[in-house]
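Right, one structure below, let's go through it.
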Amino acid sequence: MSSSVFVVSIRGFEGEMEAVAAFTTYNKANKYLNKNGITSWAIEELKLDEECHETNDISQG
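For the sequence shown, position 37 (counting from the first letter as 1) is numbered 37 according to full-length UniProt numbering, and the numbering increases by one without interruption.
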C-alpha cells in the first residue's frame, strides 16, 4: 500500500523554493495556495513506501 503527500513550496528570500506545508490531497494544497494568495509556488507529490519509514523518535531505534 502506498499513499501520497502533497508538499507546497514557495519562493524563499534567496529565490530558492522552500517547503512550507504538506497536505493529504492535491485539492487541499491548491486551496491553501488560493486562500493565501500565493503566486509563485510548486506542489510536489511524494509517495510514501510502507517499508521505508523515517522517524525522529529515538525510542524506536
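Virtual Cβ for every residue (Gly too), placed ideally from N, Cα, C. All values reported here derive from a predicted model rather than from experimental measurement.
Beta-carbon contacts of residue i that lie in its chain and below 8 angstroms, excluding the five residues immediately before and after
{"i": "residue 28", "result": "6"}
{"i": "residue 88", "result": "No statement about residue 88 is possible, as the shown extent of the chain runs from 1 to 61 and does not include it."}
{"i": "residue 30", "result": "43"}
First through last residue of the beta strand (DSSP E) which encompasses residue i
{"i": "residue 13", "result": "Segment: none, residue 13 is in no beta strand (DSSP E) and carries neither H nor E."}
Same chain only: Cβ atoms within 7 angstroms of residue i, ignoring 5 sequence neighbours per side
{"i": "residue 33", "result": "8, 41"}
{"i": "residue 37", "result": "none"}
{"i": "residue 25", "result": "6"}
Selection from the options that minimises the alpha carbon distance to residue i
{"i": "residue 45", "options": "35, 38, 37, 21", "result": "21"}
Helix, strand or coil at residue i [DSSP, three-state]
{"i": "residue 41", "result": "strand"}
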